[in-house]
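Report on the following structure.
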Amino acid sequence: MAEPKTADLMDKIVSLCKRRGFIFQSSEIYGGINGFWDYGPMGVELRKNIRDCWWNDMVRRRDDVVGLESSIIMHPKVWEASGHVGGFTDPMVDCKVSKQRFRADQIFFAAIVVDGATVGYVTVLESERIAEELQEKAESFKRKKAIQGKLEPVQPRDFTEAKSEQIPLIPSPATGEPGSLTPPRAFNMMFETHVGALSDDSAVAYLRPETAQGMFVDFKAILDTGRVKIPFGIAQIGKSFRNEITPRNFIFRSREFEQMEMEYFISDDDDWAKWHRYWIDWCRDWLVSVGIPASALSEYNHPKEKLAFYSKGTTDLMFKYPFGVQELWGIAARGDYDLTQHGKASGQPMEYFDDVKKKRYVPHVIEPAVGVDRILLAILCSAYCEDQAPDDKGKMETRIVLKLHPRIAPIKVAVFPLLKNKPELVKKAQEVRDLLRPYMTVFYDEAGAIGRRYRRQDEAGTPFGLTIDFDTLGEKGPDLADTVTLRERDTMKQERVKIADLVNLLLPKVR
Ligand code: GAP
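Residue numbers for the sequence shown follow numbering that gives the first Met the number 0, beginning at 0 and rising by one.
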């Protein structure tokens with residue numbers, strides 16, 4: 000089990016990701032670019048394994064879901080019909096003094112009320128302790144200004160709720176002084192580009208902010224393949240782009256990220272709540288199957304008054320990240336909104352003829368939508384552990400280990416010859432590597448003391464290590480010849496295993 004998490008867990012994870020080649024800041028040699036990340040040798044394998052697991056479970060192992068890979072740049076009318084051109088905005092606030100930019104719904108303020116009168120305002124940025132921090136700031140304000148009387152408990156509001164007469168009085172989170180925050184204004188998060196040689200308005204196009212619209216726009220084309228019947232789903236994995244005002248928390252909120260979305264089409268009179276529940280449970284079980292503990296997950300039901308007018312219900316699966324409980328996977332019941340919109344805008348009705356119900360209708364949809372990067376971060380947070388283990392001289396030291404589920408670990412097994420200057424050991428170890436390689440990712444390492452080699456693999460999350468020693472060569476007699484030491488990452492237990500049994504032993508554990 001993972002060790003208790005510390006407040007600086009995020010720093011430790013970011014540092015491990017860099018050290019072991021999981022994730023780097025994009026364009027770091029030029030000072031980096033905010034909201035963009037590169038995945039190194041370990042990171043790409045981990046991402047690929049997450050994607051493959053999802054694709055296998057969501058598409059290949061089901062009869063009712065088919066795959067799609069639509070283009071990233073689509074006709075601009077797609078984004079008009081979907082509502083993104085008009086409404087895919089976040090409320091943005093500028094601090095005129097510091098030139099910093101904030102999302103209005105991430106600034107929280109409260110009036111400082113003493114004996115029933117407002118004597119000032121306090122501000123904090125979104126955190127786990129919004130009310131407590133505001134209260135502390137209000138008390139400190141009252142103390143510093145030597146104001147007498149009874150301070151009332153603060154009533155936190157986000158900046159979108161600020162009245163126009165309050166805005167000049169609310170301190171900027173950047174400077175702590177009032178008077179520099181602008182009123183919130185809508186900022187469209189789609190990245191614009193131009194298609195073709197001209198760069199005038201007629202050539203404007205967008206990098207997609209979600210993969211979902213591909214499934215709606217290609218709905219008819221997929222129906223015409225004749226492979227699908229309601230209820231059925233279309234799934235896609237691909238990059239999405241959002242010009243986030245405040246990308247933050249490592250890869251949690253980026254400007255370029257990858258989504259895994261599935262649109263599940265049901266009949267117009269189907270029990271949408273039943274399907275909604277089905278997909279929430281499916282998503283939760285899937286997260287557990289890749290190593291996220293159920294105890295770190297919770298559900299958040301969006302309140303009715305905050306739902307889009309067409310939405311029947313949205314539930315987010317939340318994960319307890321070190322920086323707070325945050326959305327991991329959204330499961331939305333979107334009614335027939337998207338297909339109806341594209342039907343109207345394109346002039347091609349997105350209808351389905353149901354030959355069981357003998358009627359024609361626009362299907363309704365349940366949409367589980369998740370980001371690969373958010374899952375990857377949740378997996379890293381769940382897997383990070385520190386324990387005590389003996390070094391090569393038997394002295395106890397702190398061991399950092401990523402307890403990744405073998406299904407998604409970037410490297411499944413590491414192969415070590417005990418010594419690199421003994422050609423017989425090296426030859427045997429390379430034979431073992433080549434034996435396993437067709438079945439799983441293998442890392443061969445002959446550099447350094449064996450304990451250090453184990454530690455490097457513990458940090459990379461490799462679940463199994465194999466050591467080839469003199470016993471393997473038969474130096475202690477025929478019983479141990481052609482056996483190796485198999486070390487298990489989490490328990491550090493070691494056992495002697497025949498080389499001939501390795502594939503059958505390891506394969507079920509890593510698939
Ligand atoms: N088609 C619906 C849709 O895109 P969303 O809640 O905006 O819904 C779905 O996004 C999922 O995509 C989120 O739950 C999250 O996992 C991921 N996601 C959204 N914005 C992201 C960002 N800026 N960086 C990383 N992942 C993001």
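Even glycine gets a Cβ: it sits at the ideal position worked out from N, Cα and C.
Those residues which DSSP pairs with residue i across a bridge
{"i": "L150", "result": "V113"}
{"i": "V123", "result": "F107"}
{"i": "R359", "result": "F352"}
{"i": "R398", "result": "D386"}
{"i": "A234", "result": "G66 and M261"}
{"i": "W36", "result": "Q24"}
{"i": "L206", "result": "I72"}
{"i": "I365", "result": "Y263 and A332"}
Residue span of the alpha helix (DSSP H) that contains residue i, given as start and end
{"i": "A332", "result": "Looking at the DSSP string, A332 is not in any alpha helix (DSSP H); the run it does join, the beta strand (DSSP E), is G323 to G334."}
{"i": "G213", "result": "A211 to V216"}
{"i": "G42", "result": "P40 to W54"}
{"i": "V502", "result": "L501 to V509"}
{"i": "D315", "result": "Here D315 belongs to no alpha helix (DSSP H); instead the beta strand (DSSP E) covers G312 to Y320."}
{"i": "K98", "result": "That residue, K98, is in no alpha helix (DSSP H); it is neither H nor E in DSSP."}
{"i": "A272", "result": "W271 to S288"}
Spatial neighbours of residue i in its chain, beta-carbon cut-off 6 Å, leaving aside the 5 residues before and after
{"i": "E125", "result": "Q105"}
{"i": "G66", "result": "V58 and A234"}
{"i": "L8", "result": "P321"}
{"i": "I12", "result": "L379 and Y383"}
{"i": "D315", "result": "Y299, E326 and G329"}
{"i": "R452", "result": "F415 and D444"}
{"i": "V324", "result": "M317"}
{"i": "Q387", "result": "M395"}
{"i": "A368", "result": "E260 and G329"}
{"i": "I32", "result": "S25 and S26"}
{"i": "A204", "result": "I72, P75, T192 and V194"}
Own chain, CB closer than 7 Å to residue i, minus 5 neighbours either side, in chain order
{"i": "I129", "result": "F107, V123 and P155"}
{"i": "F140", "result": "I111, G119 and V121"}
{"i": "K162", "result": "none"}
{"i": "R373", "result": "F251 and L327"}
{"i": "M491", "result": "A388"}
{"i": "R254", "result": "G34, F35, F240, R241, N242, E243 and P246"}
Residue-level contact to chain D via CB, residue i, 9 Å cutoff
{"i": "V361", "result": "Among the protein chains of the structure shown there is no chain D, as only one such chain exists."}
Where the beta strand (DSSP E) containing residue i begins and where it ends
{"i": "Y438", "result": "Where Y438 is concerned, there is no enclosing beta strand (DSSP E), given that its DSSP letter is neither H nor E."}
{"i": "G464", "result": "F463 to I467"}
{"i": "P90", "result": "T88 to D93"}
{"i": "Q134", "result": "Not the beta strand (DSSP E): Q134 falls in the alpha helix (DSSP H), residues I129 to K143."}
{"i": "R486", "result": "T482 to E487"}
{"i": "E298", "result": "L296 to N300"}
{"i": "H193", "result": "E191 to H193"}
{"i": "I22", "result": "I22 to Q24"}
{"i": "V412", "result": "V412 to P416"}
{"i": "K497", "result": "Q493 to K497"}
Distance between residue j and residue i (C-alpha atoms, nearest Å)
{"i": "C94", "j": "K305", "result": "27 Å"}
{"i": "K208", "j": "M188", "result": "As written in the sequence, residue 208 is Pro, which differs from the Lys given in the question. Cα-Cα distance, rounded: 8 Å."}
{"i": "D335", "j": "F308", "result": "12 Å"}
{"i": "S239", "j": "W278", "result": "22 Å"}
{"i": "L418", "j": "P405", "result": "27 Å"}
{"i": "D267", "j": "D217", "result": "19 Å"}
{"i": "D478", "j": "V496", "result": "11 Å"}
{"i": "D200", "j": "A80", "result": "18 Å"}
{"i": "P507", "j": "L501", "result": "11 Å"}
{"i": "V509", "j": "I49", "result": "13 Å"}
{"i": "L133", "j": "A377", "result": "29 Å"}
{"i": "D269", "j": "A293", "result": "30 Å"}
{"i": "P409", "j": "T440", "result": "7 Å"}
{"i": "N55", "j": "D62", "result": "12 Å"}
{"i": "R19", "j": "K358", "result": "57 Å"}
{"i": "E135", "j": "G370", "result": "36 Å"}
{"i": "G195", "j": "A202", "result": "7 Å"}
{"i": "Q493", "j": "E131", "result": "49 Å"}
{"i": "G447", "j": "N420", "result": "11 Å"}
{"i": "G42", "j": "I22", "result": "6 Å"}
{"i": "L375", "j": "D89", "result": "25 Å"}
{"i": "Q165", "j": "T117", "result": "11 Å"}
{"i": "V96", "j": "P183", "result": "16 Å"}
{"i": "F215", "j": "R283", "result": "25 Å"}
{"i": "S70", "j": "E191", "result": "15 Å"}
Residue i Cβ short of 8 Å to ligand 2 heavy atom set
{"i": "P302", "result": "The model on display carries ligand 1 but not ligand 2."}
Same chain, Cβ closer than 8 Å to residue i, neighbours up to 5 away in sequence not counted
{"i": "L434", "result": "I498, L501 and V502"}
{"i": "R488", "result": "V400, K402, Q456, D457, G460, T461, P462, F463 and G464"}
{"i": "K427", "result": "P416, I467, T471 and L472"}
| query | Is the number of C-beta pairs between the region 360-373 and the region 274-282 that are closer than 8 Å three or more? | reply | yes
| message | Would you call the region 110-120 in contact with the region 150-170, where contact means no fewer than 3 C-beta pairs closer than 8 Å? | response | yes
| Inter-stretch contact at 8 Å, needing at least 3 Cβ pairs: the region 394-413 / the region 450-463 | yes
| task | Determine contact between the region 245-262 and the region 25-38, defined as no fewer than three beta-carbon pairs at a distance below 8 Å. | result | yes
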